[in-house]
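If you read the sequences in order, they're chains A and B. When you line the first sequence up against our numbering, it's residues 6 to 457, in that order. When you line the second sequence up against our numbering, it's residues 6 to 457, in that order.
2 protein chains.
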Amino acid sequence: MSRRRMMRLGMSMRGLGYHPAAWRHPSVPADGTLRFEHYVRSAQAAERGLFDMIFFADGIGIRERDEPKGSLARSGYELVEMEPMTLLPALAPLTKHIGLVTTASTTYNEPYHVARKFATLDLISGGRAGWNIVTSWSQAEAQNFNRAEHLDYDTRYERAAEFVEVVKGLWDSWEPDALIYDRASGVFYDESKMHLLNHKGKHFQVMGPLNVAGMPQGRPILVQAGASDPGREIAAASADVVYAAQDNVASAKAYYDDVKGRMAKYGREPGALKIMPGVRTVVGRTREEAQAKFDQLQDLLDPLVGLARVYASLGDLTGFDLDGPVPEPQRPPQVRSSTERLLARARAQNLTIRQLYQQSVAGGFCLIGTAQDIVDGLQEWFEAGACDGFNVLPTHLPESCEDFVDHVTPELQRRGLFRTAYEGATLRENLGLKPHLNRYSAAGAVSASAAE
Amino acid sequence: MSRRRMMRLGMSMRGLGYHPAAWRHPSVPADGTLRFEHYVRSAQAAERGLFDMIFFADGIGIRERDEPKGSLARSGYELVEMEPMTLLPALAPLTKHIGLVTTASTTYNEPYHVARKFATLDLISGGRAGWNIVTSWSQAEAQNFNRAEHLDYDTRYERAAEFVEVVKGLWDSWEPDALIYDRASGVFYDESKMHLLNHKGKHFQVMGPLNVAGMPQGRPILVQAGASDPGREIAAASADVVYAAQDNVASAKAYYDDVKGRMAKYGREPGALKIMPGVRTVVGRTREEAQAKFDQLQDLLDPLVGLARVYASLGDLTGFDLDGPVPEPQRPPQVRSSTERLLARARAQNLTIRQLYQQSVAGGFCLIGTAQDIVDGLQEWFEAGACDGFNVLPTHLPESCEDFVDHVTPELQRRGLFRTAYEGATLRENLGLKPHLNRYSAAGAVSASAAE
Ligand SMILES: Cc1cc2nc3c(=O)[nH]c(=O)nc-3n(C[C@H](O)[C@H](O)[C@H](O)COP(=O)(O)O)c2cc1C
Ligand SMILES: Cc1cc2nc3c(=O)[nH]c(=O)nc-3n(C[C@H](O)[C@H](O)[C@H](O)COP(=O)(O)O)c2cc1C
C-alpha cells in the first residue's frame, strides 16, 4: 500500500496576527509582541496541532509610514515586536518537535553571521532550524542601514544568490565525522575532514571554516519567499521550502509547475522542494459565526489605518465620506498599474472607500467558514497539484492559531490529509526531505582535498 | 548602619573553560560546546551561586592558526562552539535571576541589529541582558568578513564609539510611557513619545526608530572590554561594567583609579561603573589538592598545543627537547617587545620549553588553593580599591564553576563580601546601578521634541 501524500503546514506567528486591527480584539494581549508568554502560547498551540513549523516574517525597521498623518500611532501593526532570530532560540527549550523558521535578509546581513546563528539554532533545538531567505525592499530598512534608498532589484538578487552559496559552503565546513574527540591520543578533529571555504566572489570574500559544527539536520532548512524570476531560480537551486503568495488555484498551480520544472537543471527532484502558499483562515462552528468573527475585526479597523492601506495608490482620502464612492487619486500614483487595478475593482463592484480598504485586508487566499469549508478549500488546492501544503496566516493571536488547531486540524486528520503524530525528530524528517549530504563526504576524499 | 559594599561576580562560560586542555579532562564533555545541556548546567550552577551574570567572550571565526602544523587539530580550544547571541535567549527561560551578557563586535556588526537583538533579549529574560562591546582584532575574523587584513586600530575605535552612540540612541526611541494600547480610542502609542534618531555620522546613517520597546532595564547593561586609551574613554563615557585583564593588585588599582577618574567629565559618578578584572581560580579542600587539580590539566596539555602558545614569539620549536632550555627565536619576532619579555623571563627563571608554555596558560590573575586562600586573594584586591568584583575564568566546565559555587561562594558570604540572595529583579538592580533614564523623558517634553 503506498503511503498517502501528506499536507505540510506552517503557522505564521509574526506579531499579533495578520489582521491590522488584531491588537484591539478583546482576546488579544495588546502588548503581546513585547511579551514572551504571548509567543510561547501560540508556539505551543501550533505544536499541539502538529504543525511542521512556526514561521516568522520579519522587517528590520518600521516599514509603514505615517500617511495619512496620525495613522501610524493607531496602527499597532508590525511596529514594535521581538527580533525573531533572538526569540526562536528562547522558544526552543519550551517546544519539542515543531520547526523554528525565521526570516533573515541577505541585503542587510553578512553570510558568516547568518550561517553561524542558524547552525547554533539547529544545535539548540535538536534539528529544527530553518532560514527564510529574503532580499528586503523597503526604504525604511535601507535608512536603518546607512542607505538613503534601497538597493536596486538586480543587485539585491545577485547578492542574495551569492550569499546563499556562501552560507551553504560554510555549513559544510566540517564533515559529519570530522570531530573525533579522542582524549587518549589528544586528537580533537580529523584534519582531512575540515574544509576552508576560501570564497572570493563579487559581493563576499569569506575564508571559513565556520566555527560551529555537528548540526542535527546536516544543515538548517532553507525557505525562500519571493516570486520573481530570480527568486524562483534561488528556490529551484537551493530551497527546501517555498513560502508563496498566491490568490487562486489556477495561478498557484502555474507557479507550482514552473518552480518545480526549474529544479531538474540543478539535479534536484521535485519532491525535494515543498511549496506552501499563505492562507488566511477564520473558522467558526457555523459560517455565520465565522463571518461574524471576521466582521468583528473589520469593525475594529480604525478608518485612518484603513486609509493608510490605500494611501500609496490613491493618496490622502481623509477628507472624503468613507461610505461614499471612491474618488480619483489625490496624487500622482507611485505604481500606476496597481492604482489602475484598484480603481477598476472599486468601480466594477461599486465599492465605498470603507469597503475598498476592508477588502484589501482580506486579500490573497482567504477562507472564512466552518472547518469543513476550510478543509474543502485547502484540499482543492492540494489535490489540484497547486501546492504541498500551506503557511497559515492567523488573523489574531493566539486565538486564531488555537481555533485552527482545535477545529481545522482534526478535520484534516479525519480526511487523512494530515499527520496524527510527528514522524521524525527533525524538521527535515517531518517535512519528508532526504538527509543533507555534505559536499565533501559526497564527493569522496580525493576531490574534497582538491577543493580546499 | 551603612550597607556594606558587595562584590560583583561574573562567570565566564565560553566553551569548555579557560584551560586549553579542558576538553581532555575526564569530567568534561569533550563535545560540550555543541551540546545545549552543557551550557544549561553551568548557567544553572552559576545562578545557584548567585552570580550577577554569566559572560560570554566571542570570536567570529577560528582565531588560532595551525602553527606549528598539526597543533590546531589537537587544540580543541575555541574551535567549534555555539554562537552566544543565539545561545543566551535559549538559556533565559531556564534561569530566573542571573544576568545574560555576551560579546558583540562593533567592527563586524551593524548598530540596528545589535540594538534590536539585545533589546529583545532584555524582554525575553525580564531585564537580564548585557552587551560586551569589543572591536575584534584578529585576521581570521577579518577574512570571514570580506577583508584581507583587520581594520586599523584608530578606525576600529572611532567606529566603536559611534556605534555605541547609535545603539544607545536607538534604545531610547520609545519613552517608557509611549505605548498606550488604548483599545477603546484606537490609539496604540503617543506620537510625542516616539523619537526618530536620524543619525548621520562618519560610519553610520541610521534613521530609527528601533522596532522594539519596553525593555525592563530601560536599556541593556553595557560592558566594555579593552584596556587602551580609547577603550577606557568608551568605558568612562558609557559602560556600566568593565571586564578588565590585570595581573597584579598595583596595576589593577592604577587602572581602576584611571578609568573612574575619567567619568566626571561625562557627568557620571564612579559608582555607576563596576570594574571587574578576570581571575582564574582552582579550588581544593587543601592546597595540595588544588595544585594537583591544576597539574592534572597541565599534564593533559598536548606539547604541540603548548608550542602553539609560544609560536608567535619564538617560532616553530618542534625540533627541540621540551625539557631542555628555551632556544633563540626561530623566526623574526612579530611583536619584538613580547618576544623579549618572554625570553627574559625564561632566562631569569631558567625555564624549560615545557615550563615556559605551561606558565603561559596560568598567566594573569590566578589563584590556586583552598577556599580561604582564594577569598583572601579576592578580598585583598577588593579592599585595596582595585576592583568592584571579578569575572571568574573557570579552567574547565562545568566542574570549576560548580567548585567555585560550592566552596568559594560560601566563604565569600561568610565574610560578608557577597550576597546571600538576589536583591533585585533585573541585572541592573542586582549590580546596584540606578535606573536608566530615557534621554527624552529626562530632558522634558520641550527639548525632546526639539531633538527630533
Ligand atoms: C510570501 C512572501 C513572504 C515574504 N516575506 C518577507 C519577509 O518576511 N521579510 C522581507 O523582508 N521580505 C519578504 N518577502 C519579500 C521578498 O524577499 C522580496 O523582496 C520581494 O518578494 C520581491 O521579490 P520577488 O519579486 O522575487 O517576489 C516576502 C515575499 C513573499 C512573496
Ligand atoms: C578582558 C578583555 C576581554 C576581551 N574580550 C574580547 C572578546 O570576547 N572578543 C573580542 O573580539 N575581543 C575581546 N577583547 C578585545 C578588545 O575588544 C580589543 O580589541 C583589544 O583589547 C584591543 O583593544 P585595547 O587596546 O583597547 O585593549 C577583550 C579585551 C579584554 C581586555
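Glycine included, each C-beta is placed from N, C-alpha and C at the ideal position. All figures in this text were calculated on a predicted structure; none of them were measured in a lab.
message = When you measure from the CB of residue 142 of chain B to every non-hydrogen atom of ligand 2, does any distance come out below 6 Å?
response = Distances taken from the Cβ of residue 142 of chain B to the heavy atoms of ligand 2 include one shorter than 6 Å.
Inter-stretch contact (C-beta, 8 Å, three-pair minimum) for the region 246–254 of chain B and the region 273–284 of chain B = Below 8 Å, enough C-beta pairs join the region 246–254 of chain B and the region 273–284 of chain B to call them touching: three or more.
ask   = residue 157 of chain A: beta carbon under 6 Å from a heavy atom of ligand 1?
value = no
key: Euclidean distance between Cα positions of residue 67 of chain A and residue 183 of chain A   = Take the alpha-carbon of residue 67 of chain A and the one of residue 183 of chain A: they are about 44 Å apart.
Three-state class that DSSP yields for residue 7 of chain B in the structure shown = Caution is warranted here: a pLDDT of 49 is assigned to residue 7 of chain B, below 50, making its placement in the model unreliable, and the coordinate value is therefore given only provisionally. It is coil, neither helix nor strand.
query = Which of the three DSSP states, helix, strand or coil, is assigned to residue 46 of chain B?
reply = Residue 46 of chain B sits in a helix when the DSSP states are folded into three classes.
message = On the DSSP letters alone, give me the boundaries of the beta strand (DSSP E) that residue 13 of chain B sits inside.
response = 13–17
ask   = What residues match up with residue 108 of chain B in a beta bridge as DSSP calls it?
value = B:137
task = Evaluate the contact criterion for the region 47–66 of chain A versus the region 140–154 of chain A: three or more CB pairs, one atom per stretch, below 8 Å.
result = yes
inquiry  = I need the boundaries of the alpha helix (DSSP H) containing residue 129 of chain A, first residue and last residue.
reply    = Note, residue 129 of chain A: alpha helix (DSSP H), 116–129.
task = Could you say which of B:88, B:421 and B:73 lies nearest to residue 38 of chain B if we only look at CA atoms?
result = With distances taken between CA atoms, residue 38 of chain B lies nearest to B:88 out of B:88, B:421 and B:73.
message = Going by DSSP in three states, residue 381 of chain B sits in which element: helix, strand or coil?
response = helix
query = If we count the other Cβ atoms within 10 Å of its Cβ and call it buried at 16 or more, is residue 110 of chain A buried or exposed?
reply = Per the 10 Å Cβ criterion, buried.
ask   = Using the beta-carbon count (16 or more within 10 Å), is residue 404 of chain B buried or exposed?
value = buried
request  = Could you tell me the distance, in whole angstroms, from the CA atom of residue 240 of chain A to the CA atom of residue 264 of chain A?
outcome  = 7 Å
key: Nearest neighbour of residue 197 of chain B, chosen from B:388, B:185 and B:47 [CA to CA]   = Among B:388, B:185 and B:47, the Cα nearest to that of residue 197 of chain B belongs to B:185.
task = Compute the minimum distance between the beta carbon of residue 264 of chain A and the heavy atoms of ligand 1, and state whether it is under 6 Å.
result = Answer for residue 264 of chain A: no, Cβ out of range of ligand 1.
ask   = How big is the Cα-Cα spacing for residue 460 of chain B and residue 432 of chain B?
value = No information on residue 460 of chain B is available, as it lies outside the stretch 6 to 457 that chain B covers here.
query = Cβ of residue 62 of chain B versus every heavy atom of ligand 1: is any distance shorter than 6 Å?
reply = no
inquiry  = Check whether chain A comes within 7 Å of residue 74 of chain B, counting only Cβ atoms and requiring the distance to be less than that.
reply    = No, residue 74 of chain B lies away from the interface with chain A (no Cβ there is under 7 Å from its Cβ).
query = Hey, does residue 122 of chain A have any beta-carbon neighbour from chain B nearer than 7 Å?
reply = yes
Start-to-end residues for the beta strand (DSSP E) that takes in residue 285 of chain A = 279–288
inquiry  = For residue 455 of chain A and residue 324 of chain B, I'd like the C-alpha separation in whole angstroms.
reply    = Residue confidence for residue 455 of chain A is low, a pLDDT of 39 falling below 50, so the modelled location carries little weight and cannot support an answer.
inquiry  = Please tell me whether residue 216 of chain A has its Cβ less than 7 Å away from any Cβ of chain B.
reply    = Taking Cβ atoms only, chain B reaches closer than 7 Å to residue 216 of chain A, which makes this a yes.
message = Rounded to the nearest angstrom, what separates residue 94 of chain B and residue 19 of chain B at their Cα positions?
response = The straight-line gap separating the alpha-carbon atoms of residue 94 of chain B and residue 19 of chain B is approximately 15 Å.
ask   = Mind checking residue 55 of chain B: buried by the 16 CB within 10 Å criterion, or exposed?
value = buried
inquiry  = Is any non-hydrogen atom of ligand 1 found closer than 6 Å to the C-beta of residue 248 of chain A, if you look at the structure I gave you?
reply    = yes
key: Beta carbon of residue 253 of chain B nearer than 7 Å to that of residue 211 of chain A   = no
Where residue 98 of chain B meets chain A, residues with beta-carbon distance less than 7 Å = 95, 98 and 99
key: Reference residue 319 of chain B; option with closest CA among B:301, B:295, B:344 and B:330   = B:344
query = Does DSSP put residue 371 of chain A in a helix, in a strand, or in coil?
reply = strand
message = Any beta carbon from chain A within less than 7 Å of residue 306 of chain B's own beta carbon?
response = no
Simplified DSSP state of residue 443 of chain A, which is helix, strand or coil = coil
inquiry  = Is there a C-beta anywhere in chain B that falls below 7 Å from the one on residue 209 of chain A?
reply    = Yes, because at least one Cβ of chain B sits closer than 7 Å to the Cβ of residue 209 of chain A.
message = For a contact defined as C-beta to C-beta under 7 Å, what are the partners of residue 192 of chain A on chain B?
response = 78 and 79
Runs of alpha helix (DSSP H) wholly within the region 383–412 of chain A (minimum 4 residues, chain order) = The region 383–412 of chain A contains these whole alpha helix (DSSP H) runs: 404–408.
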